[in-house]
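In my numbering, the protein residues as written are 184 to 307.
Take a look at the structure set out below.
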């Protein structure tokens, strides 16, 4: 099961780099509001950070599918909703409440990692 999360973490990491590059170089032509540009940047940063955490979790706590699932859902909802809200706020305005739910999933992922994700100790 951890291998699917490895794939997701890798793809989300790559797409976070692409989103960050798009936000830094091309988005300014479409969006003039500095706060929206900052929101897009924040979404890309959170996605990249949590992609790395997801990859690390697959190795350090491969049995903790709860944390991995919460990180995946959180990145999808948090970053995904922000991307869509910045790109087309009128069309995707219904996604506004999804952003904090995604944030809660990210927080819960960290909690699940702390609660259930202890790294087994090697006894010598």
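C-beta: ideal position from N, C-alpha, C; glycine also.
_Give me, in chain order, the residues of the same chain whose beta-carbon lies closer than 8 Å to that of residue 204; leave out the 5 immediate sequence neighbours on both sides._
Locating residue 204 in the chain shown gives position 21, counting from the first residue. So the list is empty, once near-sequence residues are dropped.
*How many whole angstroms separate the CB atoms of residue 238 and residue 291, which I take to be in contact at a CB cut-off of 8 Å?*
Numbered from 1 along the chain shown, position 55 holds the residue referred to as residue 238. Numbered from 1 along the chain shown, position 108 holds the residue referred to as residue 291. So it is not a contact: roughly 19 Å between Cβ atoms.
*Alpha-carbon spacing of residue 286 relative to residue 257, whole angstroms*: Sequence index remark: in the chain shown, residue 286 carries index 103 (1-based). Sequence index remark: in the chain shown, residue 257 carries index 74 (1-based). C-alpha separation (whole angstroms): 6 Å.
*Work out the CA separation of residue 249 and residue 209 for me, nearest whole Å.*
The residue given as residue 209 occupies position 26 in the chain shown. The residue given as residue 249 occupies position 66 in the chain shown. Taking the straight line joining both Cα atoms gives about 36 Å.
*residue 227 by DSSP, collapsed to three states: which one?*
Stepping through the chain shown from its first residue, residue 227 is reached at position 44. Residue 227 falls in the helix class under three-state DSSP.
*asked:* How far does the alpha helix (DSSP H) with residue 299 in it extend, from its first residue to its last?
replied: Looking up residue 299 in the chain shown gives position 116. Where residue 299 is concerned, the enclosing alpha helix (DSSP H) stretches over 281 to 299.
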